[in-house]
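Report on one structure; see the data block that follows.
There are 2 protein chains.
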Amino acid sequence: MISGERFTVEYLLKGDEKEALAKAEDICVEQSIEFPKDLVAKSLILEHIIGRIESFKKVEDGYLATISFAIEITAFEFTQLLNVLFGNISIKPGIKVQKINLPESLLKHFNGPKFGINGIREFLGVYDRPLLFAALKPMGFTPKELGELAYKFALGGIDIIKDDHGLTNQVFAPFDERVKYCVEGVERANSETGQKSIYVPNITASYDETIGRAELALKLGAKGLMLAPALTGLDAIKKLADDKNVNVPLFSHPAFQGSYLTCSESGFSHYCLLGQISRLAGADGVIYPNFGGRFSFTKQECINIAESTKVKMGHIKSIFPCPGGGMSLDKIPEMKDVYGNDVTFLMGGGLFRHSDDLVENCKYFRSII
Amino acid sequence: MISGERFTVEYLLKGDEKEALAKAEDICVEQSIEFPKDLVAKSLILEHIIGRIESFKKVEDGYLATISFAIEITAFEFTQLLNVLFGNISIKPGIKVQKINLPESLLKHFNGPKFGINGIREFLGVYDRPLLFAALKPMGFTPKELGELAYKFALGGIDIIKDDHGLTNQVFAPFDERVKYCVEGVERANSETGQKSIYVPNITASYDETIGRAELALKLGAKGLMLAPALTGLDAIKKLADDKNVNVPLFSHPAFQGSYLTCSESGFSHYCLLGQISRLAGADGVIYPNFGGRFSFTKQECINIAESTKVKMGHIKSIFPCPGGGMSLDKIPEMKDVYGNDVTFLMGGGLFRHSDDLVENCKYFRSII
Numbered sequence: 053m054i055s056g057e058r059f060t061v062e063y064l065l066k067g068d069e070k071e072a073l074a075k076a077e078d079i080c081v082e083q084s085i086e087f088p089k090d091l092v093a094k095s096l097i098l099e100h101i102i103g104r105i106e107s108f109k110k111v112e113d114g115y116l117a118t119i120s121f122a123i124e125i126t127a128f129e130f131t132q133l134l135n136v137l138f139g140n141i142s143i144k145p146g147i148k149v150q151k152i153n154l155p156e157s158l159l160k161h162f163n164g165p166k167f168g169i170n171g172i173r174e175f176l177g178v179y180d181r182p183l184l185f186a187a188l189k190p191m192g193f194t195p196k197e198l199g200e201l202a203y204k205f206a207l208g209g210i211d212i213i214k215d216d217h218g219l220t221n222q223v224f225a226p227f228d229e230r231v232k233y234c235v236e237g238v239e240r241a242n243s244e245t246g247q248k249s250i251y252v253p254n255i256t257a258s259y260d261e262t263i264g265r266a267e268l269a270l271k272l273g274a275k276g277l278m279l280a281p282a283l284t285g286l287d288a289i290k291k292l293a294d295d296k297n298v299n300v301p302l303f304s305h306p307a308f309q310g311s312y313l314t315c316s317e318s319g320f321s322h323y324c325l326l327g328q329i330s331r332l333a334g335a336d337g338v339i340y341p342n343f344g345g346r347f348s349f350t351k352q353e354c355i356n357i358a359e360s361t362k363v364k365m366g367h368i369k370s371i372f373p374c375p376g377g378g379m380s381l382d383k384i385p386e387m388k389d390v391y392g393n394d395v396t397f398l399m400g401g402g403l404f405r406h407s408d409d410l411v412e413n414c415k416y417f418r419s420i421i
Numbered sequence: 053m054i055s056g057e058r059f060t061v062e063y064l065l066k067g068d069e070k071e072a073l074a075k076a077e078d079i080c081v082e083q084s085i086e087f088p089k090d091l092v093a094k095s096l097i098l099e100h101i102i103g104r105i106e107s108f109k110k111v112e113d114g115y116l117a118t119i120s121f122a123i124e125i126t127a128f129e130f131t132q133l134l135n136v137l138f139g140n141i142s143i144k145p146g147i148k149v150q151k152i153n154l155p156e157s158l159l160k161h162f163n164g165p166k167f168g169i170n171g172i173r174e175f176l177g178v179y180d181r182p183l184l185f186a187a188l189k190p191m192g193f194t195p196k197e198l199g200e201l202a203y204k205f206a207l208g209g210i211d212i213i214k215d216d217h218g219l220t221n222q223v224f225a226p227f228d229e230r231v232k233y234c235v236e237g238v239e240r241a242n243s244e245t246g247q248k249s250i251y252v253p254n255i256t257a258s259y260d261e262t263i264g265r266a267e268l269a270l271k272l273g274a275k276g277l278m279l280a281p282a283l284t285g286l287d288a289i290k291k292l293a294d295d296k297n298v299n300v301p302l303f304s305h306p307a308f309q310g311s312y313l314t315c316s317e318s319g320f321s322h323y324c325l326l327g328q329i330s331r332l333a334g335a336d337g338v339i340y341p342n343f344g345g346r347f348s349f350t351k352q353e354c355i356n357i358a359e360s361t362k363v364k365m366g367h368i369k370s371i372f373p374c375p376g377g378g379m380s381l382d383k384i385p386e387m388k389d390v391y392g393n394d395v396t397f398l399m400g401g402g403l404f405r406h407s408d409d410l411v412e413n414c415k416y417f418r419s420i421i
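Chain order of the listed sequences is A and B. Count along the first sequence from 1, then add 52; that gives the number in this note's numbering. Count along the second sequence from 1, then add 52; that gives the number in this note's numbering.
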């Protein structure tokens, strides 16, 4: 019933050595049986179910405890894996999930991304350079205006053109109309340029609607889907990635997810949540705010994300880091140094700044990559 | 197209006055158009779509900005409402959502809880005292062992007997078997006591499975459902609350949700997330760690939660605060002082401590309420 196979989680713990060790011991119980250990008599529980400290050491920012759990306590469900990693202890201060190490016996229950880096490159026919990503905005534009913007982005050479994450199904830009106009705009530009740019609508919605919007978007010709997993639940990405009828790349947006990352003492490392967890969910690209923009991620945190999008994880494919958020074109050279070739640069409002001619701005963006 | 109706959000902002005001101005743009305001020409956007600072004042912990948004930008979707409240700014430090104020024009799109306090009291036939809540654990018990435990809890007078939130569909206690045994255990006790205790399984699962487990549980005779919205997405509760075929109370569990609460400078207030948002979602009871247990909520934070479960919110019903988490029986008198009568006391491992006889311990728990 219990295989003996275990996975490990590295937790960064705050406090002095005694406090940090107490936290580690507490995690073993809290994240498994959540019950006074001294009242447990059953050997299955004592020997297998309760978490086990595999190592404990001082590191620069505190103490690093590696704790193992039986793979069976996850029930091989993504939601329950997340619950074991950080369920109740999300409510306790001074605990950060740094990294997960999953054996093949657990990984085999996850398909991961359908496309990944190589798949997206084939899908777009772009093999030798970073990809360009732009967002349709501002909210308040009509479907027709957004479609025209999509046309210009694609004409200027942007590879992936997505909805701003705040566009859902507002009365001034209903989902179905918006998708129609934007698909049409990008296809019209593709027919002129010979490129294979794609339009990626935001399908973040209510529990029932998200999947319905995915289906509708694909029917209308969208060639990618974006959703914010902190709003829909991370498993919504997995559902789409596992669906044989969804044959387009999936992009994860960080809206509402920041609280897991912005608190230095608690939550997840950028490496784990944006890289490892996004890949397990099945995102082909993970959108996040770059260093030097209007958000607070550091250069090192961004380097860590990029690393974790590509680190070996069994059969789970590498995915595109998609840094963006208040970026200006003059930041591109430094970003190229940090990320190399396998990156998708996301430009928002900044694309409008270079000159009055949006198509020319996109071409300039493309030329400096 | 735009009614002119607006809702307001109170944000607690860190920094000196200048920094806090800059944060407030930034929120107006970031949470609506996410685009350089100076590049916007369209009057609909400038007059309606962009957020508006309604008031800004110094408070004890920083600055409190009340910002209004057009109700239409939420698309009347729960997920998009959450996105407007705290989507991208979750990634920016020093911003906490303190309180929301929704006009009837927006509230009417939400049904809220089906039962609420009065509905649960009628469902259980208990009108004049706090309710008792206990959790089936530890993980590793068989369905039969858990069913026996459920029987003893109910025999001892516990009103609501729930799965521990880590029990999902593990091989050692598969969901369907567990529900069968626990339903049977509680019904057997009810037939002896004449009470109407209920068994509440945890249905937190993958995107597809959550609703399926709800249906299966109801078919097997469960009289309540629990899920952790930070794992399933908050909208999963709403889907169940809105479903005409789900005629049992719903309980929200805080697993994985702590990161929104534990960082003093960022996230949500306890008042807003656990009270207001849980009610909007449609939870009939909200589980959270009490002060004085093994978690870090303060007494004041718990008082705030209790207040927000009952504060006037249009037609949205009041719900039960369900404080628990490492509570011992000797804390009950103080908890009664704080919460009054309309509360559900959740006891976990502590119920096993008082003596070796679990049924007697439950009866004692009941006697001191």
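Heads up, the beta-carbon is just placed ideally off N, CA and C, and yes, glycines get one too.
Residue-chain proximity (residue i, chain B), Cβ-Cβ < 9 Å
i: V61 of chain A; result: no
i: V92 of chain A; result: yes
i: M191 of chain A; result: yes
i: T361 of chain A; result: no
i: S157 of chain A; result: no
i: D382 of chain A; result: no
i: F87 of chain A; result: yes
i: M53 of chain A; result: yes
i: L198 of chain A; result: no
i: K66 of chain A; result: no
i: A257 of chain A; result: yes
Status (buried if at least 16 other CB within 10 Å, exposed otherwise) for residue i
i: G334 of chain A; result: buried
i: P385 of chain B; result: exposed
i: H305 of chain A; result: buried
i: Q352 of chain A; result: exposed
i: T245 of chain A; result: exposed
i: I255 of chain B; result: buried
i: M191 of chain B; result: buried
i: I420 of chain B; result: exposed
i: L325 of chain B; result: buried
i: M53 of chain B; result: exposed
i: H367 of chain A; result: exposed
i: A74 of chain B; result: exposed
i: N356 of chain B; result: buried
i: A93 of chain B; result: exposed
i: S95 of chain A; result: exposed
Beta bridge counterpart(s) of residue i as assigned by DSSP
i: P341 of chain A; result: A:G376
i: H367 of chain B; result: B:M365
i: M278 of chain A; result: A:N254 and A:F303
i: L184 of chain A; result: A:F397
i: M191 of chain A; result: A:F193
i: A122 of chain B; result: B:R58
i: I289 of chain B; result: In DSSP, I289 of chain B forms no bridge with anything.
i: V149 of chain B; result: B:Y63 and B:F320
Simplified DSSP state of residue i, which is helix, strand or coil
i: L65 of chain B; result: strand
i: L397 of chain A; result: Per the sequence shown, the amino acid found at residue 397 of chain A is Phe instead of Leu. Looking at F397 of chain A - three-state DSSP - the assignment turns out to be strand.
i: I421 of chain B; result: coil
i: G439 of chain A; result: The question about residue 439 of chain A has no answer here: the residues shown for chain A are numbered 53 through 421.
i: Q328 of chain B; result: helix
i: R173 of chain B; result: helix
i: D408 of chain A; result: coil
Beta carbon proximity, residue i to chain A, threshold 9 Å
i: I329 of chain B; result: no
i: P373 of chain B; result: no
i: H367 of chain B; result: no
i: D215 of chain B; result: no
i: D113 of chain B; result: no
i: V231 of chain B; result: no
i: K291 of chain B; result: yes
Discussion item. What ranges does the alpha helix (DSSP H) occupy inside the region 62-119 of chain B, keeping only unbroken runs of at least 4 residues that lie completely in it?
Written reply: Listed in chain order, they are 69-82.
Worksheet item: Unbroken beta strand (DSSP E) runs of length 3 or more, entirely within the region 199-239 of chain A: which are they?
Response: 212-215
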